[in-house]
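Asks: Residue numbers (the working numbering): 593 to 1068.
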């Protein structure tokens, strides 16, 4: 792609703090959809960052939940994104405060760029059309508008909000006449047939100072809380942690409600680039495509006499006979079966899991850490078995447990083990034992992943029975 000639600094801001509940059970709160490779080999976050290549923009500023900090950092590094700044939100307060943090951070550095606000979990099939739309939106933003991208409708969707176009502002777009909540089917059809309405994408371009001016006008509490949160921020490795108490005081409100629906500066640029917010299993099927029977299949699937189904199999064989218009999603510890017309209600299942104090909405059987991951294989009374993978050169914290002992068996690679006062290597087909209360550490000194089986035994096996004494990732 030819680089876009920017007349002013363009600062991409990637909002990566979502929980992705509508794609459960694949998306979970500790590993939500923006960190998953749902539409290709790269994750949605990586695709969002790659989409910036050729815009002539600054390195992206990423807003992420503190729980996802290592996921975000590692995925950006793996995608070759250099100098990205990651600001950590201690809790989700919606998009208006998140964008305020980005604008205030830029101003604190003596800059007043145009902010390109992007969600980390959207799909765009035509990056060149997207970049052309960004250039048009920048023209409007430089002229003093707060610009949102309106998606040219391809159907009478009831799952999106709509934007009515007002007075024309030339080829770049139009003023916003009004924002409309998600309509019923008949109203959505009227909107699409009129040609005056676009889908609300949740992506924006505007000057940092103009956004803060309007936010101060309409929601001064957000400005006050975010200023205090940044004033109390601290550096943590490659992250910026904002003050949690100050940020918690920010009203929980979207940028649409806080500013865009109330300002006289709102404008819209049409975007036709194969966009999807991947907001449901049916929406994901629209991105992945269908076979001759109208089915969208991923993973180990066998269907007979089945039509219009979405089947996603992760680690399990899913077989179906005579299925019609169903979504079937199988992971190692949960299976979802839903009518495709009801997939938006998956969030109701997540709410039930929360209410019942279950964990299937939080973690997969595989849990990712900055050093690698572990997967629970078996659990019983007073024992637990895990498969642990440690990345090359990575090191777990120096730690101890009050209630459990651990037996490690190396399957592949070489482990450097600290076991009390001893420090030694354990190679393939060898094992070692860590008694209860023993200070210990595990490290991979090699160039290949270290894989081992851990057998825990004791009266309590929860992850909160970890006392970290030293940690290269700042978790001690």
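The beta-carbon is built from N, C-alpha and C at its ideal position, and this holds for glycine as well. Here the structure is a predicted model, which means the values were calculated and not measured.
For the beta strand (DSSP E) that contains residue 702, what are its first and last residues?
Replies: Sequence index remark: in the chain shown, residue 702 carries index 110 (1-based). Neither: residue 702 is in no beta strand (DSSP E) and is coded neither H nor E.
Asks: Relative to the C-alpha of residue 1044, which residue among 1016, 980, 1028, 1063 is closest?
Replies: On the chain shown, position 452 is the one that residue 1044 refers to. Considering only alpha carbons, the answer is 980.
Asks: Indicate the three-state DSSP secondary structure (helix, strand or coil) for residue 622 in the structure shown.
Replies: Locating residue 622 in the chain shown gives position 30, where the first residue counts as 1. In this structure, residue 622 counts as coil in the three-state DSSP scheme.
Asks: Could you pull the start and end residues of the alpha helix (DSSP H) that residue 996 belongs to?
Replies: Reading the chain shown from its first residue, position 404 is the one you call residue 996. Element bounds for residue 996: not the alpha helix (DSSP H) but the beta strand (DSSP E), 996 to 1004.
Asks: If you pair each beta-carbon of the stretch 627 to 643 with each one of the stretch 668 to 679, do three or more pairs fall below 8 Å?
Replies: Contact between the stretch 627 to 643 and the stretch 668 to 679 is present, because at least three Cβ pairs lie under 8 Å.
Asks: Could you pull the start and end residues of the alpha helix (DSSP H) that residue 796 belongs to?
Replies: In the chain shown, counting from the first residue as 1, residue 796 sits at position 204. Residue 796 -> not in any alpha helix (DSSP H); beta strand (DSSP E) instead, spanning 789 to 799.
Asks: Determine the DSSP secondary structure at residue 735, reduced to helix, strand or coil.
Replies: The residue you call residue 735 lines up with position 143 of the chain shown. Residue state, collapsed to three classes: coil.
Asks: So is residue 895 buried or exposed if we call it buried at 16+ other beta carbons inside 10 Å?
Replies: Mapped onto the chain shown, residue 895 falls at position 303. Burial call: buried.
Asks: Rank 722, 789, 738 by C-alpha distance to the C-alpha of residue 744 and give the top, closest one.
Replies: The sequence position of residue 744 within the chain shown is 152, counting from 1. Among 722, 789, 738, the Cα nearest to that of residue 744 belongs to 789.
Asks: Note down the Cα distance separating residue 597 from residue 1002, rounded to an integer number of angstroms.
Replies: Along the chain shown, read from residue 1 onward, the residue named residue 597 stands at position 5. Along the chain shown, read from residue 1 onward, the residue named residue 1002 stands at position 410. Low confidence applies to residue 597: its pLDDT is 44, below 50, so where it sits in the model is not reliable, and the reading given next is rough at best. Roughly 54 Å separates the two Cα atoms.
Asks: In the DSSP assignment, what residue or residues form a beta bridge with residue 936?
Replies: Here the question's residue 936 lines up with position 344 in the chain shown. Residue 936 pairs with nothing; no bridge assigned.
Asks: Whole angstroms are fine: how far does the CA of residue 1026 sit from the CA of residue 1049?
Replies: What you label residue 1049 is simply residue 457 of the chain shown in a count that begins at 1. What you label residue 1026 is simply residue 434 of the chain shown in a count that begins at 1. Looking at the two C-alpha atoms, the distance is approximately 11 Å.
Asks: Measure the alpha-carbon distance for residue 775 versus residue 750 and round it to whole angstroms.
Replies: Start at 1 with the first residue of the chain shown, and residue 775 comes out as number 183. Start at 1 with the first residue of the chain shown, and residue 750 comes out as number 158. Taking the straight line joining both Cα atoms gives about 5 Å.
Asks: Going by other Cβ atoms of all chains shown within 10 Å of its Cβ, with 16 needed for buried, is residue 793 buried or exposed?
Replies: Within the chain shown, numbered from 1, the residue matching residue 793 stands at position 201. Classification of residue 793: buried, given that the 10 Å Cβ count is 16 or more.
Asks: Please determine, among 609, 600, 615, 610, the residue with the shortest C-alpha to C-alpha distance to residue 952.
Replies: The residue labelled residue 952 in the question sits at position 360 within the chain shown. Considering only alpha carbons, the answer is 615.
Asks: Just to confirm before moving on: does the CB-CB distance between residue 1010 and residue 1042 stay below 8 Å?
Replies: Working through the chain shown from its first residue, we reach residue 1010 at position 418. Working through the chain shown from its first residue, we reach residue 1042 at position 450. No, the pair does not count as a contact, with Cβ atoms beyond the cut-off.
Asks: Nearest CA to the CA of residue 631: which residue from 715, 976, 726?
Replies: Here residue 631 refers to the residue found at position 39 when the chain shown is read from its first residue. Selected option, being the one with the closest Cα: 715.
Asks: Can you tell which of 730, 780, 754 has the C-alpha that lies nearest to the C-alpha of residue 761?
Replies: Residue mapping note: residue 761 aligns to position 169 of the chain shown, counting from 1. Of the candidates 730, 780, 754, the one whose C-alpha sits nearest the C-alpha of residue 761 is 730.
Asks: Pull the bridge partners of residue 1032 from the DSSP assignment, please.
Replies: What you label residue 1032 is simply residue 440 of the chain shown in a count that begins at 1. Beta-bridge pairing links residue 1032 to 991, 1011.
Asks: Once DSSP output is grouped into helix, strand and coil, what is the label at residue 742?
Replies: Stepping through the chain shown from its first residue, residue 742 is reached at position 150. Strand, per DSSP.
Asks: Which word fits residue 603, buried or exposed, when buried means at least 16 other C-beta atoms lie within 10 angstroms of its C-beta?
Replies: Indexing the chain shown from 1 puts residue 603 at position 11. Answer is buried; the Cβ neighbour count reaches 16.
Asks: Where do the N-terminal and C-terminal ends of the beta strand (DSSP E) with residue 854 fall, by residue?
Replies: Translated into the one-based positions of the chain shown, residue 854 becomes position 262. Note, residue 854: premise wrong, no beta strand (DSSP E); not H, not E.
Asks: Taking 8 Å as the threshold, find out whether the stretch 723 to 737 comes into contact with the stretch 851 to 863 through three or more Cβ pairs.
Replies: Yes, the stretch 723 to 737 touches the stretch 851 to 863.
Asks: Using the Cα positions of residue 950 and residue 768, report the straight-line distance between them to the nearest angstrom.
Replies: If you number the chain shown from 1, residue 950 lands on position 358. If you number the chain shown from 1, residue 768 lands on position 176. Looking at the two C-alpha atoms, the distance is approximately 44 Å.
Asks: Name the DSSP bridge partner or partners of residue 763?
Replies: Position 171 of the chain shown, counting from 1, holds the residue named residue 763. DSSP output for residue 763 lists 761 as bridge partner(s).
Asks: Among the candidates 884, 1013, 954, whose CA atom is the shortest distance from the CA of residue 1033?
Replies: What you label residue 1033 is simply residue 441 of the chain shown in a count that begins at 1. It is 1013 whose Cα lies nearest to the Cα of residue 1033.
Asks: Establish whether the CB of residue 701 and some CB of chain B are separated by less than 8 Å.
Replies: No chain B appears in the structure shown, which is made up of a single protein chain.
Asks: What's the C-alpha gap between residue 976 and residue 752?
Replies: Reading the chain shown from its first residue, position 384 is the one you call residue 976. Reading the chain shown from its first residue, position 160 is the one you call residue 752. Taking the straight line from one Cα to the other gives about 45 Å.
Asks: Under 8 Å, do residue 695 and residue 845 count as touching if we go by C-beta distance?
Replies: Here the question's residue 695 lines up with position 103 in the chain shown. Here the question's residue 845 lines up with position 253 in the chain shown. It is not a contact, given that the beta carbons lie outside the stated cut-off.
Asks: Are there 16 or more other CB atoms within 10 angstroms of the CB of residue 984, so buried, or fewer, so exposed?
Replies: Stepping through the chain shown from its first residue, residue 984 is reached at position 392. So residue 984 ends up on the exposed side.
Asks: Is it true that the stretch 923 to 939 meets the stretch 605 to 619, where meeting means three or more beta-carbon pairs spaced less than 8 Å apart?
Replies: Yes, since at least three Cβ pairs between the stretch 923 to 939 and the stretch 605 to 619 fall closer than 8 Å, the two stretches touch.
Asks: Identify the continuous alpha helix (DSSP H) that holds residue 638 and give its terminal residues.
Replies: On the chain shown, residue 638 is found 46 positions in, with the first residue counted as 1. Start and end: 636 to 642.
Asks: Does DSSP put residue 1024 in a helix, in a strand, or in coil?
Replies: The sequence position of residue 1024 within the chain shown is 432, counting from 1. Strand, per DSSP.
Asks: Can you tell me the Cα-Cα spacing of residue 719 and residue 606, whole angstroms?
Replies: Residue mapping note: residue 719 aligns to position 127 of the chain shown, counting from 1. Residue mapping note: residue 606 aligns to position 14 of the chain shown, counting from 1. Answer to the nearest angstrom: the Cα atoms are 16 Å apart.
Asks: Across which residues does DSSP place residue 867 in a beta bridge pair?
Replies: Translated into the one-based positions of the chain shown, residue 867 becomes position 275. Note: residue 867 sits in a beta bridge opposite 716.
Asks: Comparing C-alpha positions only, which one of 934, 907, 798, 914 sits nearest to residue 925?
Replies: Within the chain shown, the letter at position 333 stands for residue 925. Measuring from the Cα of residue 925, the nearest candidate turns out to be 907.
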